[in-house]
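These notes concern the structure reproduced below.
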Amino acid sequence: MKLIYGGTIVNEGRKFIGSIIIDGDRIEKIIEGKEAPRGIYDETIDATGCFVMPGIIDEHVHFREPGMTEKATIESESRAAAYGGVTTYFEMPNTNPQTTTLEALSDKFSRAKKDSHVNYSFFFGATNSNTDLFKQLDRHKIPGIKLFMGASTGNMLVDRMDSLNTIFKTCADLDLPLMTHCEDTNIINANMRRAIEKYGDDPNIDLHPIIRSEEACWQSSSLAAKLARKYGTHLHIAHVTTAKELNLSQDEPSIPGDKHPFPLITLEAVIAHLYFDSDDYKTKGALIKCNPAVKTRADRDALRKALTDGRITTIGTDHAPHLLSQKQGGCRKAASGMPMVQFSLPTMLELVDDGVLSIERMVELMAHNPARLFNVSERGFIRKGYKADITIVRPDSPWTVTNDTIQSKCKWSPMEGHTYQWQVEATICNGHIIYNKGKFDEAYRGEAVIFRS
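When we follow my numbering, the leftmost residue of the sequence shown carries the number 490, and every step to the right adds one.
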């Protein structure tokens with residue numbers, strides 16, 4: 490058995506000093522009070538001065554395997570996740586091959602079983618022609634379906650209305666969450682043509698939010714919302730970037746999740762859009778280029794406000810590594826995406842210090858709600874009998890992001906040079922201490938997540 494004692498436990502809207510006893514891979518007991526419980530333990534962690542919370546569930550990552558392993562692998566990025574206090578991730582389907590067949594999905598699970606240091610699952614990707622496969626999916630193994638209603642790779646861009654109707658209806662019939670990337674490709678392409686005509690072949694990076702504009706996001710996301718309401722589809726709109734889109738979530742709850750109802754339409758915010766704004770292109774350049782684009786300070790501030798008023802349901806990272814050489818150039822040539830899974834928790838804790846949200850609400854958005862929304866079995870909370878996925882963070886412990894500290898295979902980050910005041914001290918996955926004060930257990934492997942059990 491293991492004992493964590495002396496820390497401030499943050500869980501289900503409360504903060505209290507207490508201890509957690511772990512038996513095998515499960516939480517055996519939660520005890521309030523400063524005094525450590527007596528007993529014989531194989532391992533103990535003194536968390537005095539630290540905050541103890543459920544392991545972070547990152548519901549939106551791109552780990553690039555298979556097909557783009559020069560950028561990242563399941564092994565390297567799950568290691569980065571563990572260093573960042575993330576104990577579970579859901580990975581996206583736009584790899585090579587794309588996760589749009591049952592064989593490709595099975596292959597990813599096999600790779601993760603062999604190489605993933607933390608817990609895992611994979612979204613199945615929708616195309617214009619593969620909805621017949623949805624009913625063959627094991628609903629206990631995947632979080633849901635991912636739909637690109639905007640620019641993506643290969644045939645994963647779905648922009649035919651007949652296909653969209655079929656996808657939304659099928660997901661509703663099967664009670665599978667549908668997570669969408671919403672940008673209108675025709676608007677983006679027209680904006681890019683105008684920018685090239687005016688500014689040349691590779692327009693400057695500060696035009697990125699003009700090309701991938703508010704209107705491009707709104708036209709696509711509002712269409713998705715309309716289709717969700719038509720069919721009763723549980724729609725989760727990924728990486729919302731604009732103030733205008735924040736009102737798409739409905740007030741009336743209709744999707745149950747762990748006795749906590751959600752609106753039919755829920756929204757995700759990601760770290761890049763919560764932390765950066767369009768002024769940061771001046772100093773960060775293409776390092777913060779992502780799709781949808783980082784937009785205005787007003788949009789960023791509106792997203793931050795929505796973290797606490799209920800319109801944002803989850804926080805993910807959209808972790809998307811590229812080689813640094815691929816991040817050179819402007820709007821057309823520089824690759825879109827950034828590696829953030831290692832830094833999402835310290836970044837959000839910085840926003841806690843800034844008064845943007847409480848630490849209790851942060852835990853709800855990064856652990857409780859992803860578990861509730863996707864009906865994750867026995868994870869996402871510190872509860873007796875639940876899997877012991879736990880993260881311990883220490884405040885007032887400054888450290889600076891350097892190349893040596895970056896665990897992602899691409900070895901760069903837009904946060905390089907930034908000094909955080911919070912440090913991830915330990916990450917416990919299924920009761921196993923995988924990371925502790927800079928020491929990492931390379932041999933440990935996580936588990937496939939179970940849904941809707």
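No residue lacks a Cβ here, since even glycine has one placed at the ideal position from N, Cα and C.
Nearest candidate by alpha-carbon position, reference G721, set A679, K773, E686, D664: Stepping through the sequence shown from its first residue, residue 721 is reached at position 232. When each option's Cα is compared against that of G721, the closest is D664.
Residue from K518, I516, I510 with nearest C-alpha to D535: By one-based count along the sequence shown, residue 535 stands at place 46. The candidate whose alpha carbon is nearest that of D535 is I510.
Quick one: what's got a C-beta closer than 7 Å to E532's C-beta in the same chain, skipping five residues either side? Numbered from 1 along the sequence shown, position 43 holds the residue referred to as residue 532. Around E532: K491, I922.
CB F765 to CB I754, shorter than 9 Å? Looking up residue 765 in the sequence shown gives position 276. Looking up residue 754 in the sequence shown gives position 265. Result no, Cβ atoms of F765 and I754 do not sit closer than 9 Å.
Cβ atoms of V575 and I545: under 9 Å apart, would you say? For the purposes of this step, residue 545 is identified with residue 56 of the sequence shown, where counting begins at 1. For the purposes of this step, residue 575 is identified with residue 86 of the sequence shown, where counting begins at 1. Yes; because the gap between Cβ atoms is below 9 Å, this pair is in contact.
I want to know whether the stretch 686-693 touches the stretch 652-671 - three or more CB-CB distances under 8 Å. no
Contact set for P903: own chain, Cβ-Cβ below 7 Å, skip 5 residues either direction: Taking the sequence shown and counting its residues from 1, one reaches residue 903 at position 414. Counting only Cβ-Cβ distances below 7 Å, and skipping sequence neighbours, we find K773, L776, I777, M827.
When we look at the beta-carbon of T584 and count the other beta-carbons within 10 Å, is it buried (16 or more) or exposed? The residue given as residue 584 occupies position 95 in the sequence shown. Result: buried.
8 Å contact criterion, which S567 and S599 should meet: CB distance rounded: Numbered from 1 along the sequence shown, position 78 holds the residue referred to as residue 567. Numbered from 1 along the sequence shown, position 110 holds the residue referred to as residue 599. With 8 Å as the limit, S567 and S599 do not qualify as a contact, their Cβ atoms being about 15 Å apart.
What number of angstroms, rounded off, separates the C-alpha of L735 from the C-alpha of V729? One-based indexing of the sequence shown puts residue 735 at position 246. One-based indexing of the sequence shown puts residue 729 at position 240. Roughly 8 Å between the two C-alpha positions.
C-alpha distance - M581 paired with T836, whole-angstrom precision: Residue mapping note: residue 581 aligns to position 92 of the sequence shown, counting from 1. Residue mapping note: residue 836 aligns to position 347 of the sequence shown, counting from 1. Roughly 22 Å between the two C-alpha positions.
Beta-carbon spacing of Q739, P750 below 9 Å: Within the sequence shown, the letter at position 250 stands for residue 739. Within the sequence shown, the letter at position 261 stands for residue 750. Taking 9 Å as the Cβ cut-off, Q739 and P750 do not qualify as a contacting pair.
Ignore the nearest five residues each way along the sequence and tell me which others in E501's own chain have a CB closer than 6 Å to its CB. One-based indexing of the sequence shown puts residue 501 at position 12. Same-chain partners within the cutoff: there are none.
Whole-angstrom distance between N892 and K900, CA atom to CA atom: Sequence index remark: in the sequence shown, residue 900 carries index 411 (1-based). Sequence index remark: in the sequence shown, residue 892 carries index 403 (1-based). Taking the straight line joining both Cα atoms gives about 6 Å.
Tell me which same chain residues have a C-beta within less than 8 Å of the C-beta of G874, skipping the five on either side of it? As a first step, residue 874 must be located in the sequence shown, where it is residue number 385. Excluding residues within five positions, the ones whose Cβ falls inside 8 Å are R515, I516, E867.
Between S833 and chain D, is any beta-carbon pair separated by less than 9 Å? The structure shown contains no chain D, having only a single protein chain.
Can you tell me whether DSSP reads E517 as helix, strand or coil? For this step, residue 517 is matched to residue 28 along the sequence shown. Strand at E517.
Report buried or exposed for A570, applying the criterion of at least 16 other Cβ atoms within 10 angstroms of its Cβ. Walking along the sequence shown from the start, residue 570 turns up at place 81. It is buried - the Cβ of A570 has at least 16 other Cβ atoms within 10 Å.
Proximity of E914 and V890 at Cβ, strictly below 9 Å: Counting from one through the sequence shown, the residue named residue 914 turns up at place 425. Counting from one through the sequence shown, the residue named residue 890 turns up at place 401. Contact flag unset, no.
Skipping 5 residues on each side, what residues in its chain have a beta carbon closer than 6 Å to that of G614? Taking the sequence shown and counting its residues from 1, the one referred to as residue 614 is at position 125. Closer than 6 Å at Cβ, skipping near neighbours: P582, Q587, T588, T589, K635, M645.
Please tell me whether M829 and L838 are closer than 9 Å, where the distance is taken between their beta carbons. Taking the first residue of the sequence shown as 1, we reach residue 829 at position 340. Taking the first residue of the sequence shown as 1, we reach residue 838 at position 349. No, the pair does not count as a contact, with Cβ atoms beyond the cut-off.
Residue(s) in a DSSP beta bridge with D875: Position 386 of the sequence shown, counting from 1, holds the residue named residue 875. Just to set this straight, residue 875 is Tyr in the shown sequence, not Asp. The partner list for Y875 (beta bridge, DSSP) is empty, contrary to what the question assumes.
Could you pull out every residue in the same chain whose Cβ sits closer than 6 Å to the Cβ of E521, ignoring the five residues on either side in sequence? Residue 521 sits at position 32 when you count from the first residue of the sequence shown. Around E521: F505, G507.
Can you give me the C-alpha to C-alpha distance between N619 and H549, rounded to a whole angstrom? Within the sequence shown, the letter at position 130 stands for residue 619. Within the sequence shown, the letter at position 60 stands for residue 549. So the alpha carbons of these two residues sit roughly 22 Å apart.
What would DSSP say about I546, mapped onto helix, strand or coil? The residue you call residue 546 lines up with position 57 of the sequence shown. I546 falls in the strand class under three-state DSSP.
Using the C-alpha atoms, what's the distance from V882 back to W888? The residue labelled residue 888 in the question sits at position 399 within the sequence shown. The residue labelled residue 882 in the question sits at position 393 within the sequence shown. So the alpha carbons of these two residues sit roughly 13 Å apart.
Going straight from the alpha carbon of D651 to that of T616, what length do you get? Translated into positions along the sequence shown, residue 651 becomes position 162. Translated into positions along the sequence shown, residue 616 becomes position 127. For D651 and T616, the distance between alpha carbons rounds to 12 Å.
Can you tell me where the alpha helix (DSSP H) with S618 in it begins and where it stops? To locate residue 618, count along the sequence shown from 1; it is residue 129. Where S618 is concerned, there is no enclosing alpha helix (DSSP H), given that its DSSP letter is neither H nor E.
With a cut-off of 8 Å on the beta carbons, I'd call L653 and L622 a contact; round off their distance for me. On the sequence shown, residue 653 is found 164 positions in, with the first residue counted as 1. On the sequence shown, residue 622 is found 133 positions in, with the first residue counted as 1. Actually they are not in contact, since the Cβ atoms of L653 and L622 sit about 17 Å apart, beyond 8 Å.
Here's a check: name, in chain order, each residue in its chain whose Cβ is nearer than 7 Å to the Cβ of D512, leaving out the five neighbours to either side. Locating residue 512 in the sequence shown gives position 23, counting from the first residue. Taken in chain order, the residues that qualify are M490.
Among residues of its own chain, excluding the 5 on either side of I760, which ones have a beta-carbon nearer than 6 Å to its beta-carbon? Start at 1 with the first residue of the sequence shown, and residue 760 comes out as number 271. Excluding residues within five positions, the ones whose Cβ falls inside 6 Å are T806, M829, S833, T836.
Sequence-distant residues of its chain with Cβ nearer than 8 Å to F940 (five each side left out): Position 451 of the sequence shown, counted from the first residue, corresponds to residue 940. Here the set comprises S610, R628, H629, K630, I631, P632, F863, N864, V865, S866.
Run of the alpha helix (DSSP H) containing I563, from where it starts to where it stops: The residue given as residue 563 occupies position 74 in the sequence shown. 563-572 is the span of the alpha helix (DSSP H), which, as asked, contains I563.
Whole-angstrom Cβ separation of V541 and G496, contact assumed at under 8 Å? Looking up residue 541 in the sequence shown gives position 52. Looking up residue 496 in the sequence shown gives position 7. Right, their Cβ atoms sit about 4 Å apart.
Measuring alpha carbon to alpha carbon, tell me which residue in L796, A601, K771 is nearest E757. Numbered from its first residue, the sequence shown carries residue 757 at position 268. The candidate whose alpha carbon is nearest that of E757 is L796.
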